[in-house]
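To start, the structure itself, in structure tokens.
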Ligand code: PHE
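Numbering (my numbering), first residue to last: 13 to 356.
Below, the structure is given as structure tokens:
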């Protein structure tokens with residue numbers, strides 16, 4: 013139910029629009045503007061029921077507030093979900109995104125969006141035909157282009173820092189990494205790991221797409237149970253729950269997906285299982301650094317590279333803090349975000 017979800021949420025507000033032409037629900041979730049205008053991607057997805065889409069948006073928006081605070085950016089957190097009966101193509105997709113662009117424009121810059129699951133550069137160009145409050149349009153259209161190269165690079169730096177903490181050396185060579193989901197981030201991450209000499213296993217519901225990475229495809233339904241050093245979730249969220257954590261045979265969970273823990277208790281479950289967890293919104297911040305850094309903060313390519321590499325240092329600090337305080341890594345990340353928010 014919408015009511016319960018909103019009552020329990022600690023964010024600012026949600027703007028809702030039902031799009032009659034397509035039957036889509038648009039939810040723009042503004043979680044926090046404490047540090048600046050709310051920023052976050054637009055997810056295009058079909059859900060069984062509209063409240064599930066709202067719930068996804070509310071959680072993702074809260075994650076953006078923490079992500080941007082941990083990154084030290086002067087931005088608040090938000091997220092938009094376009095819950096469609098089926099993911100549209102062609103003219104229908106364009107018109108839906110135009111109407112969505114009008115909605116973003118009506119918010120006057122208090123929400124600035126970018127790509128997320130199922131939305132890419134070309135979609136941001138369409139949204140950008142109606143509002144300037146959009147990141148990651150194509151370069152030809154004045155944007156910074158596809159951010160996924162920097163999301164993947166940030167995850168790669170994060171994996172190295174996590175290896176260093178778990179094993180005393182950050183070298184991925186010879187380590188086995190399972191990359192789950194070979195979309196724009198997962199495929200690029202697999203490539204970086206292969207180039208660094210890791211043994212890379214990939215799983216995807218689309219086996220062809222997994223194979224195209226050049227890594228070894230494994231069956232998606234049993235992938236989680238494979239013995240590996242690092243499990244890198246790069247597809248849907250909430251893959252870490254009581255059941256899946258029992259089946260894991262890895263030392264590290266470090267991947268690009270948002271909302272990896274089904275519930276906060278799963279952070280404790282991972283710790284109890286002896287698995288070092290890289291908090292999702294810390295390790296996957298490279299895409300936000302790309303869009304916001306290049307388009308809003310005037311960074312050049314060198315500065316962006318340094319900031320993305322800094323994700324590894326931030327994670328190392330979180331691991332040390334978690335150990336010193338005897339808390340989970342997700343709690344340590346939350347404390348860091350809370351400190352930044354309190355300083356404002
Ligand atoms: N949607 C991505 C994320 O979850 C990236 C992104 C965010 C891109 C904000 C631009 C602006 O971080």
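Glycine is no exception: its CB is placed at the ideal position from the N, C-alpha and C atoms.
Since we're looking at a predicted model, the values are computed, not measured.
For residue 134, the Cβ stays outside the 6 Å cut-off from all heavy atoms of ligand 1.
Here residue 43 carries a strand assignment [DSSP, helix/strand/coil].
In the assembly as shown, residue 337 is an exposed residue. Its beta-carbon has fewer than 16 other beta-carbons within 10 Å.
Contact between residue 340 and residue 261 fails: their C-beta atoms lie close to 20 Å from each other, not under 8 Å. Sorting 211, 188, 221, 182 by C-alpha distance to the C-alpha of residue 195 places 221 at the top.
Between ligand 1 and residue 229, a heavy atom-to-CB distance of less than 6 Å is absent.
Between the alpha carbons of residue 162 and residue 129 lies a distance of about 15 Å. With a cut-off of 8 Å on Cβ pairs, the region 317-331 is in contact with the region 167-187, counting three or more such pairs.
For secondary structure counted as the alpha helix (DSSP H) over 4 or more consecutive residues, the region 123-148 holds these complete runs in sequence order: 133-140. In the DSSP assignment, residue 112 falls within the alpha helix (DSSP H) that extends over 102-118.
Distances from the CB of residue 147 to the heavy atoms of ligand 1 include at least one below 6 Å. Judged by their CB atoms, residue 51 and residue 112 are not nearer to each other than the 7 Å cut-off. Residue 215: not part of any alpha helix (DSSP H); member of the beta strand (DSSP E) spanning 211-215, first to last residue. By the CB criterion at 7 Å, residue 143 and residue 92 fall outside the cutoff. For residue 292, the shortest separation between its Cβ and any heavy atom of ligand 1 does not lie below 6 Å. Relative to ligand 1, the beta carbon of residue 63 is positioned no closer than 6 Å to any heavy atom. Annotation for residue 52: the continuous beta strand (DSSP E) segment containing it runs 50-57. No heavy atom of ligand 1 is found nearer than 6 Å to the CB of residue 184. Pairing residue 252 with residue 273 gives a Cβ-Cβ distance under 7 Å.
Per DSSP, residue 90 lies in no alpha helix (DSSP H) segment; the continuous beta strand (DSSP E) that holds it begins and ends at 88-95. Residue 291: not part of any alpha helix (DSSP H); DSSP gives it neither H nor E. Exclusion of the five residues before and after residue 293 leaves 75, 78, 79 as the residues of its chain whose Cβ lies within less than 6 Å of its Cβ.
Setting aside the 5 residues that flank it on each side, residue 333 is surrounded in the same chain by 344, each with a C-beta closer than 6 Å to its C-beta; the list follows chain order. In the pairwise beta carbon analysis, the region 13-21 is classified as not touching the region 98-106: fewer than three pairs are separated by under 8 Å. Segment contact: the region 114-121 against the region 27-43, three or more CB-CB distances shorter than 8 Å; contact assigned.
By the neighbour-count criterion, in which 16 or more other beta carbons inside 10 Å mark a residue as buried, residue 276 falls on the exposed side.
Residue pairing by DSSP places residue 245 opposite 192 in a beta bridge. Between residue 49 and residue 150, the C-beta spacing is not below 7 Å. One alpha carbon belongs to residue 146, the other to residue 136, and they sit about 7 Å apart.
By the Cβ test, the region 150-160 is not in contact with the region 210-218, since fewer than three Cβ pairs between them sit closer than 8 Å. At a Cβ-Cβ threshold of 7 Å, residue 349 and residue 26 do not count as neighbours.
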